[in-house]
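Each remark here refers to the structure printed beneath this line.
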Amino acid sequence: MIAVRVSGFVLLVATGAAAQEYPAKPIRVIVPYAPGGGLDVVGRPVAQRLSEAFGQPVFIDNRPGAGTTIGTSAVAKAAPDGYTLLLTLSALAIGPSLYPNLPYDPIKDFAPVIWIGTSSYILSVHPSVPTGSVRQLIALSRTSPGKLNYSSPGLGTDPHMAAELFQNLAEVRWTHIPYNGGGPAATAVMGGQVDLTFLPTSVGTPFVKAGKLKGLALSTARRSTLLPALPTIAESGVPGYAAEAWSGILAPAGTPRDIVAKLNGAIAKIVQTPEYRALLEERLIEPVGSSIDQFAARLRDDVAKWRKLARDGGIKVE
């Protein structure tokens, strides 16, 4: 018993010492998406300011490929020492529900560090569709199940799952037209090739304001402080609906809690600075800067939600 207590004490002391000395070398932040995307905008300022705070280089390493599997896998397999991190999107929580053979588990293989920000999708319809509200869209959808169609950037993407969740909760059925990327999916609805879609607020808002699309509601659980005039889908006739896009940073599972806490504290300070908040809000991303436990709970909840939806709806990606 004494030996066990001594070894536990030594482990705690060693862990605390490691956190005090951390970081002692450069930190790599792997982004499993191509350079130039929205995550670069979110991540590069964080990396720069972490470098200044820690006195060590913190750099972004873009590793796209095989969806996001290559970059995400690299972090899952990295040493759990805080020197390799993952900056990713909410699609991390969707993968297991559609791809049973993924080489990583988003819950077991990662230690959540911080949830940086949240953005919404606008349920957007072509002006020719005779509906001006979510309730009217539901009524129209029920008159001819499967007649209305919607675009998405591809199978298993956030907008695809947002639409599937809507159909499940509202008890309607649309026809899915997957495209190869967000640009073609948005172009299809604006051109009238499809009836509706779920667009990121940063993409859809200008088209709604220009009258090229009708924005019916937001996908978030609560109204956005950045777009307060738009109702949520949940308050517009689909109770319990929420499909939010988030960005966050994770470490490999087994990373010492003290190191994760040190990262969380440093990044949370960055997220709360007026300059960084303005950077996110300009792109219609609501800053969060969560605790470790808040992000862990969010990840668990999302994985469970999308897994249940895929199972109940028979959603598969061959």
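The sequence shown maps to residues -19 to 298 in this note's numbering. Note that CB positions come from ideal geometry on N, CA and C, so glycine has one too.
Beta-carbon contacts of residue i that lie in its chain and below 7 Å, excluding the five residues immediately before and after
i	result
Ala276	Pro92
Pro12	Arg43, Pro44, Thr48, Ile50, Gly51, Thr52 and Thr68
Arg115	Ser216 and Gly217
Gln36	Pro3, Lys5, Pro6 and Ile7
Ala299	The structure shown does not extend to residue 299, since the chain is modelled only from -19 through 298, so no value can be given for it.
Gln147	Arg153 and Trp154
Inter-residue spacing [alpha-carbon to alpha-carbon] between residue i and residue j
i	j	result
Tyr2	Lys285	36 Å
Ala4	Arg237	17 Å
Ala51	Lys57	One detail in the question is off: residue 51 reads as Gly in this sequence, not Ala. Whole-angstrom Cα-Cα distance: 10 Å.
Leu145	Gly294	12 Å
Thr49	Ile213	31 Å
Gly18	Gly134	18 Å
Ala14	Thr123	42 Å
Lys296	Ser31	42 Å
Tyr63	Tyr130	42 Å
Val9	Thr200	28 Å
Ala59	Phe90	11 Å
Ile87	Leu279	7 Å
Gln274	Gly228	12 Å
Gly220	Asp292	16 Å
Ile239	Gly136	33 Å
Ala150	Ala119	10 Å
Tyr159	Ala166	9 Å
Residue i (DSSP reduced to helix, strand or coil)
i	result
His140	helix
Asn81	coil
Ile295	coil
Val9	strand
Pro267	strand
Ser132	strand
Ser113	coil
Ala14	coil
Gly320	Since the displayed the chain opens at -19 and closes at 298, residue 320 lies outside it and no answer follows.
Ala276	helix
Tyr2	coil
Thr123	helix
Pro254	helix
Buried versus exposed, by CB contacts within 10 Å (16 or more), residue i
i	result
Phe39	exposed
Gly195	buried
Gly161	exposed
Ser216	buried
Pro125	exposed
Glu266	buried
Thr235	buried
Asp282	buried
Cutoff 6 Å; reference residue i; Cβ partners in own chain excluding five residues on either side
i	result
Val109	Asp175
Ala33	Ala246
Pro211	Ala197
Leu300	Summary: the structure shown does not reach residue 300, with the chain confined to residues -19 through 298, and so no result is reported for it.
Pro244	In the sequence as presented, Pro is not what sits at residue 244; that position holds Asn. Closer than 6 Å at Cβ, skipping near neighbours: Val93, Ile94 and Ile272.
Ser121	Leu128 and Val152
Ile157	Asn129, Ser131 and Val174
Ser77	Trp286, Arg287 and Ala290
Nonlocal neighbours in the same chain, by C-beta distance under 8 Å from residue i, ignoring five residues either side
i	result
Ser104	Val169, Leu176, Thr177, Phe178, Leu179, Gly184, Phe187, Val188, Leu193, Lys194, Gly195 and Leu196
Ala225	Leu69, Ser70, Thr98, Ser99, Ser100, Tyr101, Asp138 and Pro180
Ala54	Ile10, Arg43 and Thr64
Distance cut-off 7 Å: residue i Cβ against heavy atoms of the ligand SAM
i	result
Gly163	Questions concerning the ligand SAM fall outside what the structure shown contains, since it holds no ligand whatsoever.
Could you tell me which whole alpha helix (DSSP H) segments of length 4 or greater appear in the segment 146 to 232? Taking only runs of at least 4 residues, the alpha helix (DSSP H) segments lying wholly in the segment 146 to 232 are 162 to 170 and 181 to 189.
Just list the beta strand (DSSP E) runs in the segment 23 to 109, keeping only unbroken ones of 3 residues or longer that don't cross its boundaries, in chain order. Scanning the segment 23 to 109 from its first residue to its last, the whole beta strand (DSSP E) runs of 3-plus residues come out as 38 to 42, 64 to 69, 90 to 99 and 101 to 105.
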